[in-house]
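One structure below.
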Amino acid sequence: MQFALHQTQRAVQLAAGVEAVPLTSAPVQRPADVDRSTSEFFNRLTRAALYAPVDGGGVPAIATTALDSARTMVAATAADPLRLAILPVELPLSVATLGAQEMLRVLYGWQILGSRAPEFIREISEVFLDGPVYLQLEYLKQLRRMQAQVRAVPGDGAAWLELGRYSMKCGMYHQAAAAFTTAAGFSLLRAEALYQRSVANYRSAEYADALRDAVESLALNPDQPRAAYWSWLAAGELGGYPADVPKARRIEMASGCGDTDLRYESVSAQIGLDKTGEGRGLAVFDYDGDGRLDVMVSAAGGCSLFHNNGDGTFTDVSVGSGLDTCVSSFAVAIGDYDGDGKPDVFVTRQGFLEGASVLYRNNGDGTFTDVTAAAGLTGWISTFAASWADYNCDGALDLFVGANLNGLFGRKVGDRLFRNNGDGTFTDVAERAGIVTPWPTIGAAWGDYDNDGFPDLFLSSSFGRSQLFHNNGDGTFTNVSRQAGIDSPCFGSVTFWCDYDGDGYLDLVQYVWCRHEDMLQSLRDGVGPADRALRIYHNNGNGTFTNVNRDLGVTECWGSMSGNAADLNNDGYFDLVLGNGGPQVVRGEPPVILQFDGRRFRNVTFTAGMPRFGKSHGAVIADLTGDGRPHILLGSGGFYPAEPMPVEVYRPIVRLGNYLNVRLVGTKSNRDAIGARLRITAGGRTQHHLVSGGSGFGCLPFEQHIGVGAATTIEALEIDWPSRTRQRIASPPINATIRNTEGEESIAVVRRG
Amino acid sequence: MPDVELPLASGGATILSQRLTNHRGAVVLFWSGMCAHCARYDEYLNTFEQRHPEIALLAIAARHTETLQQIRLTVADRGLTFPIAHCADGRAAAGWQAPQTPRAYLVDRHRMLRYRGAIDNYKYRNDAAYAEYLEPAIDDFLHGRPIVRAETPSFGCAIDSIYYALPRVTR
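Read top to bottom, the protein sequences are chains A and B. Oh and the first sequence: position 309 is 309 in this note's numbering, straight run, nothing missing. Oh and the second sequence: position 3 is 1003 in this note's numbering, straight run, nothing missing.
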């Protein structure tokens, strides 16, 4: 129905000679067209209802907002007589397409969550509606409004509760605790107010108070898994539950305690990476060509660049690099698009709200230049995912940029596939190539699943059906989602290809974002709802996939926002790292390690020494020190000003097993060798690795870290380059970092471990 | 660092170099009344000059589109007593390479940069991981010692963003 309505609307536009063109810049004056106007109308109306005064002024405020928005809508079209003429027809169609889209979202929400969907949708809606308010720094105005409300109606306990929640969002935890204290004086609200106050107290490091509040709240209402979680967190900070906490109120978690030989230490402060910020994406790459892996972190306040000093420490070189002024940044994708040997940077903006992504050309002297406009990449879309690949195998990196939801009533606009013209410019060929999907795209990953030499594209949807596009090899793609068996609805997040079973066919891992209570159930019981865990699609080798997560022991659900796969303990099997959390201030969750032994994954998070609490966006694994110890890096932080967090780095205390790090330099292929496949035979086993061009928040280094367990020699390393050149390197060294240039027989040993 | 001459929210104008004539140094803080991160430091900033009579403090309200009128309302609303100058054209932030608020600069009498970055690591004082950044730098500076950590990364609200130019989302 949505499609039919949309096509009718397009037909009306075409009949009137009105072109639907993508936005290339921010609509500073007014919404650019009727569709954006209607979206904005409903967003503002809902926001007005959410923030409406409780003293009787609510209805006039909503009515005034409605009038204002309607006026803006007409103004958006008034400048164009053609648009104005078709407005009476276009407007109802626009509202109808929006209504159909929202209906579909609700239906999918219901399909995924059942009767718990309304509560989940309410929480998410609040975040979406808050988005622009916090982005434009209007939150203190809202806070003042709430303060006025409690002054006007001091007996309104719910208003005090709301004031506390607003204060928490702004990071004013002491003020929040005071408001919750007043709210707790109202008997009906006491349990909720005490739970919220426990969060505020925990956040301001008043752990004993936090524990006391959570325990008292649980005594009033034991059916509060969230309060139980915060009591567990506070008890952890206090070294365990104090003796006066009744046993019935103590919580133990079954999750994260699997056996492992992995042991991590937190080293971010020690090595100079403990920058506080609202961390988002994270990338590890060698920006200055000195052979060492550097780190870039994107954040709301601007990006940071850290130079690897070569002694295990890093120096913040953000200021003056040109990246520090890139505010509201999200995912980072690294790719040498102009083939000059210097990796360039593409940064997406906002993710769930519209923004202008940026392409930075690496000048090679520690600075970067914004070349977005010159490259033809300007746009104003809601985008989260970006990934480089040479989809047409011409040796130049192309770029996929996924279009996500734009706010609560935002519309899905077209994803972008930017073909590299080879002269520093790009052309959007998405529609022509057949990359079209009505579902919001949050994750994207390129991988040649059928081994035909052309990278295919998987799109993870944040709210709907995920999509697999088969690359036909002629510049076009075919949507094979249904027959491949990967399109059942879920709240997808980041995704990547990974041949976990070493059969030579790329399997697909799709992380999933679950509701808060499902995560808490997983943490407590070690098992979550069966259909809401991350998905591991086994490639059956015939164009179809089977989700085998339960067969592989994946039983828990997490609010995964980022993550990737790497062999953490050098045993020759890919392990999974999940960066978890959610935008709500009351939601935090640990980053999770799922260790794979070739048969099953087991959650070893806490045994390995990882923290209980986090809000991890760009989760990346990289051997920062080049000695066979893959570090876990987390760009941490939340959506609200309340949650700036430092970058976290977890380093293995000891190296486990033997390894080989491989760096590839393309000559016929793209310089970064993105899309290259590696086959390593050691100890009687063969592993397959893929050089990825970024797959979500985190961008792994191009360097491939390959664990070989107890093997003391490596029989062979074979490389399938995107140019279809095949190379075989016999007996590469073990416990070393090597570099191979496409077409050259020899290798260079960069470092011995 | 470049000198600044700016109007004060309290009236009149201020010139950094003149404020430095009777101080050993100054802390220049890029600040915004709309920034929730800055709001965390109200008390710290209100009592700064009492604690450091030898160091001048100058907050520069630099956020793009923030007006003097808005700043004055914030000052009254939050009872702010530290000196706040207003930079309407963003020149000061550009000259001092300040992308976000709050971002602090400690300069000596000759406006030579001694410290640049965050006030602290934005944790609460009773948090085991709490670390001060600006105070130790001031302490080292006043005692004539080399500043151990002369630069820390700062974070916070963007001084300039296209989102500030978009139509307001609330009434």
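No residue lacks a Cβ here, since even glycine has one placed at the ideal position from N, Cα and C.
Residue(s) in a DSSP beta bridge with residue i
{"i": "Asp428 (chain A)", "result": "A:Phe418"}
{"i": "Arg679 (chain A)", "result": "A:His688, A:Glu718"}
{"i": "Thr383 (chain A)", "result": "A:Gln350, A:Ala403"}
{"i": "Glu652 (chain A)", "result": "Note on identity: in this sequence residue 652 (chain A) is Pro, with Glu being the wrong assignment. Beta-bridge pairing links Pro652 (chain A) to A:Tyr264."}
{"i": "Trp388 (chain A)", "result": "A:Leu399"}
{"i": "Val1199 (chain B)", "result": "Outside the shown range of chain B (1001 to 1171) lies residue 1199 (chain B), about which nothing can therefore be said."}
{"i": "Ser460 (chain A)", "result": "A:Gly443"}
{"i": "Asn658 (chain A)", "result": "A:Gly709"}
{"i": "Ser636 (chain A)", "result": "A:Ser616"}
{"i": "Asp316 (chain A)", "result": "A:Phe306"}
{"i": "Leu1058 (chain B)", "result": "B:Val1028"}
{"i": "Leu1006 (chain B)", "result": "B:Thr1014"}
Chain-ordered neighbours of residue i on chain E, where CB pairs are closer than 7 Å
{"i": "Asn1046 (chain B)", "result": "Judged by its chain identifiers, the structure shown contains no chain E, and its protein chains are A and B."}
is_contact[residue i, chain A] using C-beta, thresh 8 Å
{"i": "Gln1100 (chain B)", "result": "yes"}
{"i": "Ile1162 (chain B)", "result": "yes"}
{"i": "Arg1024 (chain B)", "result": "no"}
{"i": "Phe1155 (chain B)", "result": "yes"}
{"i": "Met1001 (chain B)", "result": "no"}
{"i": "Gln1097 (chain B)", "result": "yes"}
{"i": "Leu1080 (chain B)", "result": "no"}
{"i": "Leu1166 (chain B)", "result": "yes"}
{"i": "Glu1151 (chain B)", "result": "yes"}
{"i": "Met1034 (chain B)", "result": "yes"}
Nearest-angstrom Cα separation, counted from residue j out to residue i
{"i": "Pro31 (chain A)", "j": "Ser69 (chain A)", "result": "10 Å"}
{"i": "Thr625 (chain A)", "j": "Gly743 (chain A)", "result": "28 Å"}
{"i": "Phe346 (chain A)", "j": "Val371 (chain A)", "result": "10 Å"}
{"i": "Ser167 (chain A)", "j": "Leu45 (chain A)", "result": "23 Å"}
{"i": "Val512 (chain A)", "j": "Thr441 (chain A)", "result": "13 Å"}
{"i": "Glu718 (chain A)", "j": "Gly492 (chain A)", "result": "33 Å"}
{"i": "Thr756 (chain A)", "j": "Ala673 (chain A)", "result": "Here chain A covers residues 1 to 753 and nothing more, so residue 756 (chain A) does not appear."}
{"i": "Ile729 (chain A)", "j": "Val295 (chain A)", "result": "30 Å"}
{"i": "Val554 (chain A)", "j": "Val654 (chain A)", "result": "27 Å"}
{"i": "Leu1166 (chain B)", "j": "Val133 (chain A)", "result": "11 Å"}
{"i": "Gly635 (chain A)", "j": "Arg151 (chain A)", "result": "40 Å"}
{"i": "Ala85 (chain A)", "j": "Thr72 (chain A)", "result": "16 Å"}
{"i": "Gly1012 (chain B)", "j": "Leu353 (chain A)", "result": "41 Å"}
{"i": "Arg726 (chain A)", "j": "Gly753 (chain A)", "result": "27 Å"}
{"i": "Thr1170 (chain B)", "j": "Ser187 (chain A)", "result": "33 Å"}
{"i": "Met172 (chain A)", "j": "Arg1040 (chain B)", "result": "7 Å"}
{"i": "Asp1042 (chain B)", "j": "Ala243 (chain A)", "result": "38 Å"}
Any C-beta of chain B under 8 Å from that of residue i
{"i": "Tyr139 (chain A)", "result": "yes"}
{"i": "Tyr650 (chain A)", "result": "no"}
{"i": "Thr276 (chain A)", "result": "yes"}
{"i": "Leu359 (chain A)", "result": "no"}
{"i": "Asp213 (chain A)", "result": "no"}
{"i": "Arg47 (chain A)", "result": "yes"}
{"i": "Cys170 (chain A)", "result": "yes"}
{"i": "Thr77 (chain A)", "result": "no"}
Beta-carbon gap between residue i and residue j smaller than 8 Å
{"i": "Val577 (chain A)", "j": "Asp274 (chain A)", "result": "no"}
{"i": "Phe606 (chain A)", "j": "Gly256 (chain A)", "result": "yes"}
{"i": "Ile1060 (chain B)", "j": "Val1107 (chain B)", "result": "no"}
{"i": "Ser562 (chain A)", "j": "Leu534 (chain A)", "result": "no"}
{"i": "Val509 (chain A)", "j": "Phe697 (chain A)", "result": "no"}
{"i": "Thr348 (chain A)", "j": "Val401 (chain A)", "result": "yes"}
{"i": "Tyr1115 (chain B)", "j": "Leu1142 (chain B)", "result": "no"}
{"i": "Tyr51 (chain A)", "j": "Arg145 (chain A)", "result": "yes"}
{"i": "Val358 (chain A)", "j": "Gly618 (chain A)", "result": "no"}
{"i": "Ala1062 (chain B)", "j": "Ala1026 (chain B)", "result": "no"}
{"i": "Leu768 (chain A)", "j": "Ile593 (chain A)", "result": "In the structure as shown, chain A begins at 1 and stops at 753. Residue 768 (chain A) is therefore absent and cannot be evaluated."}
{"i": "Pro591 (chain A)", "j": "Glu278 (chain A)", "result": "no"}
Cβ-heavy atom distance, residue i to the ligand MN, below 7 Å
{"i": "Phe458 (chain A)", "result": "The model depicted lacks the ligand MN and carries no ligand whatsoever."}
Which complete beta strand (DSSP E) runs does the stretch 325 to 379 of chain A hold, if anything under 3 residues is left out? Taking only runs of at least 3 residues, the beta strand (DSSP E) segments lying wholly in the stretch 325 to 379 of chain A are 329 to 335, 344 to 349, 358 to 362, 368 to 370.
May I have a chain-ordered list of the beta strand (DSSP E) segments no shorter than 3 residues that lie completely inside the stretch 540 to 627 of chain A? Taken in chain order, the complete beta strand (DSSP E) segments of 3 residues or longer contained in the stretch 540 to 627 of chain A are 545 to 547, 560 to 566, 575 to 580, 592 to 596, 601 to 603, 616 to 622.
Please go through the stretch 137 to 212 of chain A and give each complete alpha helix (DSSP H) segment of 4 or more residues, from N-terminal end onward. If we require 4 residues or more, the alpha helix (DSSP H) runs fully inside the stretch 137 to 212 of chain A come out as 139 to 152, 157 to 169, 173 to 183, 190 to 203.
Secondary structure, alpha helix (DSSP H): runs of 4+ residues fully inside the stretch 1089 to 1152 of chain B: You should have 1091 to 1095, 1134 to 1142.
Considering only residues of the stretch 20 to 105 of chain A, which uninterrupted alpha helix (DSSP H) runs meet the minimum length of 4 residues and lie entirely inside it, listed in chain order? Runs of the alpha helix (DSSP H) inside the stretch 20 to 105 of chain A: 34 to 50, 58 to 78.
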